[in-house]
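Since the structure comes first, as structure tokens, the remarks are kept for the end.
Number of protein chains: 2
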Amino acid sequence: MTCNHEPEHRIAAELAKKNMPKEEEVEKLSGLFKAISEPSRLKILFALRQGELCVQHVAEAAGGTQSAVSHQLRILKANGIVRARREGQNILYSLADGHVVAVLELAAVHLKCDMGAENE
Amino acid sequence: MTCNHEPEHRIAAELAKKNMPKEEEVEKLSGLFKAISEPSRLKILFALRQGELCVQHVAEAAGGTQSAVSHQLRILKANGIVRARREGQNILYSLADGHVVAVLELAAVHLKCDMGAENE
DNA sequence: CTAATATATGAACAGTTATTCATATATTGA
DNA sequence: TCAATATATGAATAACTGTTCATATATTAG
């Protein structure tokens, strides 16, 4: 409780508390990261790097059943990560914007991952 | 199953499958995002933007009990997100590198979040 | 060595979540 | 309108995860 710390440590702790984002911001960020943290959803995002895909093709590329993929796409859409537009019987999904891919790539750099070719 | 799609759509789907990262890479990314997706852990990371902090100070700044924070720090450490070094009785935690903060800030831009002042 | 402090950890419980299955909705073509 | 196709969705189950509580380990002071 008393901590053997030098005064500057306590000051840092107080600053950290003062600069803590609001609960609401934390929740939003949490929602975003949670959305992109599940392996099945990550694969969907990787698939969509290729461009617009219908649900069946997403399922084919990312693996999983139609139902499971549809459920996951709904979560991604609810979090503003993908968008959907209807074209006839199909609904085509695509990445909502470049930020998500940027986040993925930055994270990949952190992990020194090979995320697969972007174009070929 | 047949899809009314034009051939180029099928080609895109095949490319998406071909460029899918390996299961191992997906798991690593998933682990990273999962690690930073829990509100309590996010708060810990925000606290550590301030610099090295001992567990008690992290708990104070981010909220939560000593035990809960310690559990969370272990997860963050296991995922290479924070590092720890002992100094006397205290163990000081800090962000492992700048990538994570960069990811957080990029995500915040995506969400148009205000993550709190970086310096003041 | 003993007491005090800081941190870690195992077990258990509660809350969350991904998948499956069955079914509903929506679009197209006949 | 009916059949076929594509997608969405509600319910149920199984797996996962965060917190709490009690306790263990490690460091320092005396």
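Protein sequences, first through last, are from chains A and B. Residues in the first sequence are numbered consecutively from 1, following the working numbering. Residues in the second sequence are numbered consecutively from 1, following the working numbering. Just so you know, even glycine gets a beta-carbon here, dropped at the ideal spot from N, CA and C.
Backbone CA spacing between residue i and residue j [nearest angstrom]
i, j, result
"Gly64 of chain B", "Arg74 of chain B", "15 Å"
"His110 of chain A", "Lys18 of chain A", "28 Å"
"Arg86 of chain A", "Ile11 of chain B", "20 Å"
"His99 of chain B", "Gln66 of chain A", "35 Å"
"Pro21 of chain B", "Ala62 of chain A", "10 Å"
"Ala96 of chain A", "Gly116 of chain B", "26 Å"
"Leu76 of chain A", "Val26 of chain A", "18 Å"
"Gly123 of chain A", "Val101 of chain A", "In the structure as shown, chain A starts at 1 and stops at 120, and residue 123 of chain A therefore has no counterpart that could be examined."
"Ala84 of chain B", "Val55 of chain B", "10 Å"
Cβ of residue i within 8 Å of any chain B Cβ
i, result
"Pro7 of chain A", "no"
"Gln50 of chain A", "yes"
"Ser70 of chain A", "no"
"Val82 of chain A", "no"
"Leu95 of chain A", "no"
"Leu73 of chain A", "no"
"Val55 of chain A", "no"
C-beta neighbour in chain A for residue i, strict 8 Å
i, result
"Lys125 of chain B", "No information on residue 125 of chain B is available, as it lies outside the stretch 1 to 120 that chain B covers here."
"Leu15 of chain B", "yes"
"Leu32 of chain B", "yes"
"Val101 of chain B", "no"
"Ile36 of chain B", "yes"
"Gly64 of chain B", "no"
For residue i, the three-state DSSP class (helix, strand or coil)
i, result
"Glu8 of chain B", "helix"
"Ala107 of chain A", "helix"
"Ala96 of chain B", "coil"
"Ile36 of chain A", "coil"
"Arg85 of chain A", "strand"
C-beta atoms of residue i and residue j nearer than 8 Å
i, j, result
"Ile36 of chain A", "Ile81 of chain A", "yes"
"Tyr93 of chain B", "Leu48 of chain B", "yes"
"Cys113 of chain A", "Lys28 of chain B", "yes"
"Ala107 of chain A", "Val69 of chain B", "no"
"His9 of chain A", "His71 of chain B", "no"
"Ser40 of chain A", "Glu38 of chain B", "no"
"Ala16 of chain A", "Leu53 of chain B", "yes"
"Leu32 of chain B", "Asn79 of chain B", "yes"
"Glu60 of chain B", "Ala13 of chain A", "yes"
Practice item. Would you mind listing the alpha helix (DSSP H) stretches within the segment 48 to 81 of chain A that are 4+ residues and don't spill past its ends, in chain order? Key: Within the segment 48 to 81 of chain A, the complete alpha helix (DSSP H) runs of at least 4 residues are 55 to 62, 66 to 78.
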